[in-house]
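Heads up, the sequence shown is in the working numbering, so the first residue is 8 and it goes up one at a time. Virtual Cβ for every residue (Gly too), placed ideally from N, Cα, C. Take a look at the structure below.
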Amino acid sequence: MQRPAPRNAQPVLAGLLTALVAFTSSAAVVLTGLRAVGATPAEAASGLLTVCVTQGAGMLWLSRRHRIPLTLGWSTAGAALLVSTGQVRGGWPAAVGAFAVVGALIVLTGLWPRLGALIAAIPAPIAQAMLAGVTLELCLEPVKGLAGHPLEVAPILLTWLVLLRLARKWAVPAAFAVTLVVVGAGIARDGGWHGGVLPHLVFTTPALTWAGVLGIALPLYVVTMAGQNVPGVAVMATYGYTVPWRETMTVTGAATVAGAVAGGQVVNLAAITTALSAAPDADPDPRRRWIASHTAGWAYLVLALLTAAFTTFLTSAPADVIGAVAGLALLGTLANSLGAALRDADGREAAAITFAVAASGLSIAGIGTAFWALAAGLLVRAALTFKPRPHRTDLR
């Protein structure tokens, strides 16, 4: 007679799946983004380690305290924004200072609802067009990689395409696994890798610069709120859960501020992977699904131990090969953002301008493209929708 599975097995497996899918789908994007704004390989590894620890700890606290499957993550789209922005004036310390500013703004959003309302007032097509524009550069990497390293990139793209047809959820993780095999074969061919494998923190003194605040912090805050926190609340609501908004924003914002000095990117509510721990597949009983996100928190603490080896491994490969799997991870974001940006005919011109500026890589006065894309889109929208008040004639 077959013994029944332990009662906790289903949500525990769902939690492990949540962490594994999220990490393998976008860790390469996070590393690429940190390197783009000036981090050394050691600083990028420290940043990935830190964000794994902070979001894992945040999940452990929130899920157990509220007994709901609150899942945290990093902003993959935010990492793509860092790639499109590149180094700002002040270099890596300015980027670290920008991360801290984003964390402070997220805390303020939880404590002061008016700030959240101000972000919500940004027209969705413009915010989505900016998101699409900043992800475009990375989404082109699979094409460039195939042209530059066809033997290495072709198996990655083929695996992704086959799994996209058969098991969409596993398409990017499977492509990531093939990438590791390809990179490992290259390292073995070249005589082995050289670099650290033990995780350690590298601290950086933050620098507050206008270029960092306007070029990184404000666009990253908008992307985090519009692309992660707000959708995360909506996904949780579809499964019958109410997110404790103030405490969640305070915890994720404080975690972001604390992790910034070690290179940690923004911690936020997960959107897509939330369904893995909040859906009925995690457990038929909604009151027990919190175990899934709690398990995911522990899993991230374990994954944090592998970040140094992971970074050393990936930085040993050609940039085009790593860029290929990073681009595949963002194709869904690009498609969804473009669809949302151009869905309505009204205001389509402003959205198109926003996308074009964001995709151009424009940098003025050391301030990155995302800020100018938002500014251009809002300016065009205001010009097209402005209606002067009718002149009143005094007949007295």
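Reference VAL150, options LEU335, ASP353, ILE279 and LEU38, closest by Cα: Of the candidates LEU335, ASP353, ILE279 and LEU38, the one whose C-alpha sits nearest the C-alpha of VAL150 is LEU335.
Is the distance from the Cβ of ALA46 to the Cβ of GLY271 below 8 Å? No; because the gap between Cβ atoms is not below 8 Å, this pair is not in contact.
For a minimum of 3 consecutive residues, which ranges assigned as the beta strand (DSSP E) are wholly contained in the segment 218-276? Within the segment 218-276, the complete beta strand (DSSP E) runs of at least 3 residues are 274-276.
Please list, in chain order, all residues of the same chain as ALA299 whose beta carbon is under 6 Å from its beta carbon, the five residues on each side excluded. PRO18, ALA21, GLY22, PRO76, SER284 and ALA289
Close-in-space but distant-in-sequence residues of the same chain around VAL185 (CB under 7 Å, 5 per side omitted): PRO162, ILE163 and THR166
What is the DSSP secondary structure of TRP119, counted as helix, strand or coil? coil
TRP408: first and last residue of the uninterrupted alpha helix (DSSP H) it sits in: Residue 408 falls outside the range modelled here, since the chain spans only 8 to 403, and no answer is possible.
Would you mind stating whether LEU79 and HIS301 have Cβ atoms separated by less than 8 Å? In this structure, HIS301 does not lie closer than 8 Å to LEU79 by Cβ.
Considering only C-alpha positions, which residue in the set VAL189, GLY97 and VAL60 is nearest to THR211? GLY97
Suppose the cutoff is 6 Å on Cβ atoms and the five residues either side in sequence are ignored; what does the same chain contact list for TRP379 look like? Within the same chain, TRP379 has close Cβ partners VAL364 and LEU369.
Do you know whose CA, among THR61, ARG196, LEU313 and THR259, lies nearest GLY7's CA? Limits of the chain in this structure are 8 at one end and 403 at the other, which puts residue 7 out of reach.
Less than 8 Å between the C-beta atoms of MET256 and THR116, yes or no? yes
Mark LEU125 as exposed unless 16 or more other C-beta atoms lie within 10 angstroms of its C-beta, in which case mark it buried. Counting of Cβ neighbours within 10 angstroms places LEU125 among the exposed residues, the total staying below 16.
If you draw a straight line from the alpha carbon of ALA342 to that of LEU69, how long is it in whole angstroms? 32 Å
Tell me whether PRO206 is buried or exposed, calling it buried when 16 or more other Cβ atoms sit within 10 Å of its Cβ. buried
ILE371 in three-state terms, based on DSSP: ILE371 carries a strand assignment under DSSP once its states are collapsed to helix, strand and coil.
According to DSSP, is LEU341 part of a helix, a strand, or is it coil? In this structure, LEU341 counts as helix in the three-state DSSP scheme.
In the DSSP output, what is LEU79 paired with across the bridge? LEU276
Distance between beta carbons of GLU148 and GLY330, contact taken as under 8 Å: 3 Å
So the candidates are ALA34, ALA218 and ALA324; which of them puts its Cα closest to the Cα of ALA192? ALA324
How many angstroms separate the CA atom of GLY140 from the CA atom of TYR246? 31 Å
C-beta atoms of ALA333 and THR142 nearer than 8 Å: no
One question on the structure: do GLY85 and ALA261 come within less than 8 Å of each other, judged by their Cβ atoms? no
Roughly how far, in whole angstroms, is the beta-carbon of ALA52 from the beta-carbon of THR318, given that I think they are within contact range, below 8 Å? 4 Å
Could you spell out the range, first to last residue, of the alpha helix (DSSP H) harbouring THR186? 178-196
Same chain, Cβ closer than 7 Å to ALA107, five either side skipped, listed in chain order: PRO213, VAL264 and ALA267
So for GLN94, helix, strand or coil by DSSP? coil
State the start and end residues of the unbroken alpha helix (DSSP H) segment that holds ARG42. 16-43
Cβ of GLY93 within 7 Å of any heavy atom in the ligand ZN? As presented, the structure is devoid of all ligands, the ligand ZN included, so that no description of it is given.
Classify ALA392: buried if its beta carbon has 16 or more other beta carbons within 10 angstroms, exposed otherwise. Residue 392 is actually Thr in this sequence, not Ala. With fewer than 16 other Cβ atoms within 10 Å, it is exposed.
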